[in-house]
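Undergrad: Have a look at this one before I ask anything.
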Amino acid sequence: MKRNIVFLSNPISGGAKKDNALKQIEETCKQQAIQFEILPTVASGNYDFLRTKIHDEKVTDIVIIGGDGSVNQVVQSLHQEKVKFGIIPFGSGNGFALAAGIPKNITRAINIILEGNASVVDAFMVNDQFSCMLSGVGFDAKVAHDFATKSSRGLITYTQQSIINFFKAHPYQFEVAVDGFSFFTEAFFISVANANQFGNNVTIAPKASLNDGMLDVVIVQKMNKAKLPFAILKQLRGNNKMQQLVEDMSKKNILYFQTNKITINNIKHAPLHIDGEPKETAEKITFEVIRDCFELLQPSTN
Numbered sequence: 001m002k003r004n005i006v007f008l009s010n011p012i013s014g015g016a017k018k019d020n021a022l023k024q025i026e027e028t029c030k031q032q033a034i035q036f037e038i039l040p041t042v043a044s045g046n047y048d049f050l051r052t053k054i055h056d057e058k059v060t061d062i063v064i065i066g067g068d069g070s071v072n073q074v075v076q077s078l079h080q081e082k083v084k085f086g087i088i089p090f091g092s093g094n095g096f097a098l099a100a101g102i103p104k105n106i107t108r109a110i111n112i113i114l115e116g117n118a119s120v121v122d123a124f125m126v127n128d129q130f131s132c133m134l135s136g137v138g139f140d141a142k143v144a145h146d147f148a149t150k151s152s153r154g155l156i157t158y159t160q161q162s163i164i165n166f167f168k169a170h171p172y173q174f175e176v177a178v179d180g181f182s183f184f185t186e187a188f189f190i191s192v193a194n195a196n197q198f199g200n201n202v203t204i205a206p207k208a209s210l211n212d213g214m215l216d217v218v219i220v221q222k223m224n225k226a227k228l229p230f231a232i233l234k235q236l237r238g239n240n241k242m243q244q245l246v247e248d249m250s251k252k253n254i255l256y257f258q259t260n261k262i263t264i265n266n267i268k269h270a271p272l273h274i275d276g277e278p279k280e281t282a283e284k285i286t287f288e289v290i291r292d293c294f295e296l297l298q299p300s301t302n
């Protein structure tokens, strides 16, 4: 099939580096005689205008040049169309792209798009909102809310906000219902993941897969704040020198399990984020997997 690719570029991310990437895309597509068009992303996240274009012009691929927030909006709006989605990472964390094996290197990311190898991946709903990667309530959502207000984005700013919020962090009360069983917990945060990381190669759910039909749930329960960084470090790294120390200091401070649906009664109205973007919270939040939701251009496994 002759390919016709629409590249959607986030105008506020990437700077001069992104301009160079756009030039590289133009040159490469022209060299390979691939029909393409570069359009800006839409701040509102409404891509209904592309539906007619996809059908009338036989668009085969939609490629997002941006971060997790842009990926969420585009895929949410267009995942029911018969197109393949691609990512050229230009966000603050790029967690979804990294989970899919898509590198930050521009040339390699473009080559993955042009090779055209796609696999079906899952997504999930958070009440009536769409999520590709990782969503949750509590401490990490508070960081996302504060991070969104900063003029400077990136790993350094995110780390600063994480440290500030760490010292102010307090546990929230939740009732968690899964597989016919419910329990109460006081927790700093609950993360529900389809992908295996927060972004920037920080792995939070080591068993998570984009296409296993399961959501990975990480609950960081109430503990002495002096223990918190060590317990999270154990979860992030999975195997490290401090593992035995953590086990000695506290038992099962972090719960980790898989399910296809989980409901959280958000008793104290902990803040909510969806794919790293702050959202209005709710008293009751249900996370439910969408099996085989869309096709994603990824590195070949051969």
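Okay, so the sequence shown: first residue is 1 according to full-length UniProt numbering, each after it adds one.
We put the beta carbon where it would ideally sit given N, CA and C, even for glycine.
Taking a contact to mean a Cβ-Cβ separation below 7 Å, would you say I5 touches V74 in this structure?
TA: no
Undergrad: Going by other Cβ atoms of all chains shown within 10 Å of its Cβ, with 16 needed for buried, is K279 buried or exposed?
TA: buried
Undergrad: Compare the Cα-Cα distances from A270 to each of C293, F139, Q258 and F287 and report the closest residue.
TA: F139
Undergrad: If you check the beta carbons only, do L297 and A118 fall under 7 Å apart?
TA: yes
Undergrad: Going by the beta-carbon positions, is the gap between F90 and M133 smaller than 7 Å?
TA: For F90 and M133, no; Cβs fall outside 7 Å.
Undergrad: For Q258 and chain D, any beta-carbon pair shorter than 7 Å?
TA: No chain D is part of this structure, which consists of one protein chain only.
Undergrad: Taking Q129 as part of the beta strand (DSSP E), name the residues at either end of that continuous run.
TA: Q129 to S131
Undergrad: Since Q76 and F124 should fall inside the 8 Å C-beta cutoff, what is the C-beta to C-beta distance between them, to a whole number of angstroms?
TA: Actually they do not touch by this definition, with Cβ atoms about 11 Å apart.
Undergrad: With a cut-off of 8 Å on the beta carbons, I'd call V137 and L255 a contact; round off their distance for me.
TA: Between L255 and V137 the Cβ distance is about 14 Å, and since that is not below 8 Å, they are no contact.
Undergrad: Tell me which residues share the same chain as I290 and place their Cβ nearer than 7 Å to its Cβ, disregarding the 5 neighbours each side in the sequence.
TA: D122, A123, F124 and M125
Undergrad: Below 8 Å on the Cβ atoms is my contact criterion, and I expect E295 with F85 to pass it. Report the Cβ-Cβ distance as a whole number of Å.
TA: Right, the Cβ-Cβ distance comes to about 7 Å (below 8 Å), so this counts as a contact.
Undergrad: Use the C-beta contact count for K18: other C-beta atoms within 10 angstroms, 16 or more gives buried, fewer gives exposed.
TA: buried
Undergrad: From the DSSP output, in three-state form, read off N10 for me.
TA: Coil at N10, not helix or strand.
Undergrad: Could you give the residue range of the beta strand (DSSP E) that holds V63?
TA: D61 to G66
Undergrad: Buried or exposed: which applies to N46, given that a residue is buried once 16 or more other Cβ atoms fall within 10 Å of its Cβ?
TA: exposed
Undergrad: Could I get the ranges of all uninterrupted alpha helix (DSSP H) runs contained in the UniProt domain "DAGKc" (1-130), with 4 residues as the minimum, in chain order?
TA: You should have 15-31, 48-56, 68-78, 95-99 and 106-115.
Undergrad: Buried or exposed, going by whether 16 or more other CB atoms sit within 10 Å of the CB of M1?
TA: exposed
Undergrad: Measure the C-alpha to C-alpha separation of K222 and T185 and round it to an integer number of angstroms.
TA: 8 Å
Undergrad: Under three-state DSSP, which class holds D212?
TA: coil
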